[in-house]
Amino acid sequence: TIKSVEQDNKLATYAEKLSKDDAQIDFSRTAWEVHAQIRGTTPSPGAWFNIARKDSRTLRILVEPGLIGPVPDNPMPPGTVAGLVDEAIAINCSDRLYLFPRLRPSTRHRMSASSFVNGYVNQKDGEGKPDFSLLEIVE
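Printed below as a string of structure tokens:
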């Protein structure tokens with residue numbers, strides 16, 4: 034059986050309300066820390082990051098909890114968009130990839146990662162493959 038224990042109010046602490054700035058994802062942290070931040074700020078105020086194509090404007094992306102992915106085959110700096118992994122946008126954190134199966138550009142509805150790639154990622158000349166090197170995470 035479970036016994037109730039009254040809280041000692043002298044040991045309680047006050048937590049400030051989370052702001053939108055608290056919900057901006059910092060990919061220099063570990064994938065587990067990114068995952069915890071997203072879970073802790075979903076649904077409100079909502080986790081987000083800014084992404085830009087090198088030839089276009091910056092776009093705020095709202096996200097929901099995704100998946101902690103594998104360690105990338107090739108070393109890359111945190112915040113690098115690695116491409117699609119298991120039908121999810123993969124972004125490198127300090128220790129491994131974080132996978133976003135669904136995204137919501139701030140001006141659109143929620144969409145799958147593949148739909149985002151089809152609409153927002155430039156295609157390489159004549160190859161028909163997405164060129165993820167054109168994307169960068171910005172503050």
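Residue numbers (the numbering used here): 34 to 172.
By construction, the Cβ of each residue, glycine as well, lies at the ideal position given by its N, Cα and C atoms.
The model shown is predicted, which means the values in this text are computed figures rather than measured ones.
Same chain, Cβ closer than 7 Å to residue i, five either side skipped, listed in chain order
{"i": "P111", "result": "F60, S61, N125, C126 and S127"}
{"i": "K53", "result": "P78"}
{"i": "N107", "result": "none"}
Nearest-angstrom beta carbon gap, residue j and residue i [assumed within contact, 8 Å]
{"i": "A146", "j": "E120", "result": "6 Å"}
{"i": "G102", "j": "A64", "result": "7 Å"}
{"i": "F149", "j": "I122", "result": "7 Å"}
Spatially closest choice to residue i from the options, by CA coordinates
{"i": "G73", "options": "A85, A56 and K87", "result": "A56"}
{"i": "F133", "options": "V114, M109, S37 and Y47", "result": "V114"}
{"i": "H142", "options": "R93, T34 and D106", "result": "R93"}
{"i": "E49", "options": "N107, M109, P78 and G152", "result": "P78"}
Own chain partners of residue i with C-beta closer than 8 Å, once the 5 adjacent residues on each side are dropped
{"i": "I71", "result": "I58, A80, V96, E97, P98 and G99"}
{"i": "T91", "result": "N83, I84, A85 and V171"}
{"i": "V154", "result": "R86, P163, D164, F165, L167 and L168"}
{"i": "V118", "result": "G102, P103, L130 and L132"}
Cross-strand partners of residue i (DSSP beta bridge)
{"i": "G116", "result": "A123"}
{"i": "T91", "result": "A85"}
{"i": "M144", "result": "L136"}
{"i": "Y131", "result": "I101 and I124"}
{"i": "L168", "result": "R86"}
{"i": "Q57", "result": "W81"}
{"i": "V96", "result": "L136"}
Residue i: CB within 6 Å of a non-hydrogen atom of the ligand NAD
{"i": "P108", "result": "Looking for the ligand NAD in the displayed structure turns up nothing, as the structure carries no ligands at all."}
Any chain C beta carbon closer than 7 Å to residue i
{"i": "M144", "result": "In the structure shown, chain C cannot be found, because there is only a single protein chain."}
Own chain residues within Cβ distance below 6 Å of residue i, not counting five before or after
{"i": "R137", "result": "L95 and R143"}
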